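Residue numbers (our numbering): 40 to 585.
For each residue, glycine too, the CB sits at the ideal point set by N, CA and C.
All values reported here derive from a predicted model rather than from experimental measurement.
Here's the structure, in structure tokens; my notes come after.
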Amino acid sequence: MAFTITITNAGRAAIVNAQNTGTAPVTIAQIGLSATAIVPAPTMTALAGELKRTGSIAGDVVADDTIHVTAMDESADVYSLRAFGLYLADGTLFAIYGQAAPILEKVAASIALLSIDVIFADIDAASITFGDASFINPPATTERQGVVELATVAEAQAGIDALRALTPAAAKAAILGWLLAQDGSGSGLDADLLDGQHGTYYTNIPARLGYTPLNKAGDTATGSIIVQAGAARAGLFSTGDIGADRGNGSGVLLLGDSGNRYLFCDGNRYVLNGAELYAGVTNSLVWNSGNDGSGSGLDADLLDGQHGSYYTNIPARLGYTPANRAGDTFTGAVFSPSFSVSGAPNSYLSHVDGNLVLSGDGNDYVLYDRAANIWYTVVGGVGQTWTGADGLVNARVGFLAGGNTVWHAGNDGAGSGLDADLWRGKTPAQHIADYHTSGSNANGQWRKYPDGAGGFVLEQWGTVDLGTGFNVQYADVTFPVPFSAAAPIHISGNGNKGANAGWNVCVVCFDDPTTLGSRITADSAKADQYFNRVVTVRWRAVGKAP
């Protein structure tokens with residue numbers, strides 16, 4: 040691989056002579072080895088991370104500007120070489136190189152051999168000398184033996200590489216390719232032979248073909264001309280006449296190779312044997328007694344003595360006017376033992392004037408009364424169903440759906456047998472829940488139930504605390520649910536009067552007990568009688584629900 044080696048400032052100074060008029064001879068004595076990746080600089084005086092120096096170094100000047108250096112390490116050391124430096128005999132770091140990737144990998148059992156060619160840009164390579172040169176393997180030049188790389192065929196054909204050696208095989212491929220490039224159209228090559236033959240060999244056309252060809256400008260064939268079977272076409276094309284003549288004014292044109300199909304002219308008539316004759320610009324068959332009959336395609340003026348118009352007058356031939364199957368209007372009655380329509384997406388019976396009747400046996404029929412705009416179904420002369428212009432369907436007796444009676448206003452009521460799942464949109468359980476309700480709140484409990492007369496009874500109950508004290512004690516009752524003002528309210532109280540002799544418990548209703556409730560009072564006929572036993576009074580009220 041090619042890389043740039045850096046000559047240090049100290050190395051350049053060492054190679055300049057004392058008079059500063061040229062170069063002085065120097066000797067590269069050692070090469071330093073390092074596993075550290077460095078960036079070379081001219082100011083460096085030592086190799087960073089240097090592992091060792093080896094004096095097993097050889098080199099030589101192989102060109103005016105090129106030296107070849109080979110270093111060898113036969114030790115058992117193990118390392119990855121990423122940088123190296125060339126040291127002069129006095130220890131001066133002459134040149135340095137480094138990179139991130141390993142240049143070589145040294146293992147214990149291997150011998151490391153590093154060979155480099157240094158091309159100087161501005162230093163005379165002749166001023167540099169080396170020690171032992173027994174294993175330098177220098178690159179070969181025109182003046183020196185050495186190691187050389189062989190050129191590939193592509194490199195040999197390119198002809199621009201001055202360093203690689205040319206093998207016989209590469210030389211042959213390169214030269215042959217060049218020679219072939221000079222041959223061909225436009226090359227101007229004039230050879231004595233072509234494929235080993237002189238030009239006269241190729242100009243003898245009959246000898247090359249094996250026969251004498253016919254002249255397309257006109258010629259006489261001395262033998263038969265046969266067009267092989269399977270040829271797409273064979274023709275005689277001319278702007279003048281084409282003749283086939285046996286010399287006596289008659290001839291035979293054979294068709295095929297069987298000999299039994301031919302066109303013959305005896306001077307008076309043409310005879311076509313073995314095939315039919317077609318004529319006219321439309322290539323139409325010529326009829327004769329031999330090809331007439333069924334399937335002949337003959338188009339005559341008469342058929343059984345009648346012109347074609349006789350047969351095209353269908354009503355005259357049938358004796359009546361037929362109906363058009365695509366649709367027609369009948370002017371009379373049509374009777375049929377059966378009538379069916381199949382395969383059509385829609386079927387219609389259209390009637391313009393009067394009534395439309397589909398009749399069965401006896402007095403069974405379906406009638407459309409046009410004047411009344413009503414459809415009737417009649418069985419045995421008795422109308423069973425009819426549909427009027429109002430869209431209502433009427434039945435004489437009733438309707439069945441799936442064999443079951445259809446309920447309507449005429450057959451509903453007691454004894455009808457109607458068994459409904461819902462009454463007024465609700466189940467029986469829902470109706471019971473609607474008519475029997477109950478609840479409670481902080482004022483007490485209540486329940487509502489029917490009174491048997493279309494209304495509801497509201498029953499409520501709870502307790503109040505009268506407290507303790509002298510003379511009159513009372514507590515107000517607030518109903519959980521207001522009563523209706525349209526009916527009287529019955530309320531009663533019950534307390535423990537036995538423990539409070541002379542005390543009476545009574546109920547006093549307010550003016551509007553429907554919402555305010557009532558007052559329960561305990562009083563005594565005795566003055567200064569202390570009320571302390573009757574504390575809690577249970578009350579119950581019954582009235583009309585709102």
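Three-state secondary structure assigned by DSSP to residue i
i, result
"Asp129", "coil"
"Arg92", "strand"
"Leu248", "helix"
"Ile77", "coil"
"Asn402", "coil"
"Gly124", "strand"
"Ile353", "helix"
"Thr109", "strand"
"Ala47", "The sequence given here has Thr at residue 47, not Ala. In this structure, Thr47 counts as coil in the three-state DSSP scheme."
"Leu311", "strand"
"Thr206", "coil"
"Glu498", "strand"
"Glu144", "strand"
"Lys587", "The chain is shown from 40 up to 585; residue 587 falls before or after that span and cannot be answered."
"Leu461", "coil"
"Ile214", "helix"
"Gly235", "coil"
"Ser323", "strand"
"Val192", "helix"
"Ala538", "In this predicted model, Ala538 has a pLDDT of only 46, less than 50, meaning its place in the structure is not dependable; the value taken from the coordinates is given anyway. Ala538 falls in the coil class under three-state DSSP."
"Ala85", "coil"
"Leu264", "Rather than Leu, the amino acid found at residue 264 in this sequence is Ile. Reduced to three states, the DSSP call for Ile264 is coil."
"Thr424", "strand"
"Tyr240", "helix"
Proximity below 9 Å, CB of residue i to CB of residue j
i, j, result
"Thr45", "Pro81", "yes"
"Asp403", "Gly419", "yes"
"Leu86", "Phe123", "yes"
"Ile67", "Ala148", "no"
"Val405", "Val421", "no"
"Gly478", "Val516", "no"
"Val192", "Ala208", "yes"
"Ile158", "Ala102", "yes"
"Lys487", "Ala584", "yes"
"Ser333", "Leu324", "no"
"Pro141", "Ser119", "yes"
"Ala440", "Thr424", "no"
"Arg121", "Thr75", "yes"
"Ala260", "Leu253", "yes"
"Thr180", "Ala190", "no"
"Leu153", "Ile70", "yes"
"Trp446", "Ser455", "yes"
"Trp578", "Trp485", "no"
"His237", "Asp229", "no"
Per-residue burial, residue i [other beta carbons within 10 Å of its own, 16 or more giving buried]
i, result
"Thr47", "buried"
"Tyr474", "exposed"
"Ile471", "exposed"
"Leu497", "buried"
"Leu72", "buried"
"Tyr126", "buried"
"Asp112", "buried"
"Lys211", "exposed"
"Val576", "buried"
"Pro489", "exposed"
"Ala345", "Just to set this straight, residue 345 is Gln in the shown sequence, not Ala. Exposed: under 16 other Cβ atoms inside 10 Å."
"Pro493", "Position check: residue 493 holds Gly in this sequence, whereas Pro was assumed. So Gly493 ends up on the exposed side."
"Tyr241", "exposed"
"Pro79", "buried"
"Tyr349", "exposed"
"Phe369", "exposed"
"Phe42", "exposed"
"Ile135", "buried"
"Ile353", "exposed"
"Lys91", "exposed"
Residue i beta carbon near the ligand MN (any heavy atom closer than 8 Å)
i, result
"Leu127", "Because no ligand of any kind appears in the structure shown, any question about the ligand MN cannot be addressed here."
Check whether the stretch 107-115 and the stretch 79-98 touch, using three or more Cβ-Cβ pairs below 8 Å as the test. Here the stretch 107-115 makes contact with the stretch 79-98; the two share three or more CB pairs at distances below 8 Å.
Alpha helix (DSSP H) runs contained entirely in the stretch 463-490, provided each spans 4 or more residues: Runs of the alpha helix (DSSP H) lying entirely within the stretch 463-490 and spanning at least 4 residues, in chain order: 467-474.
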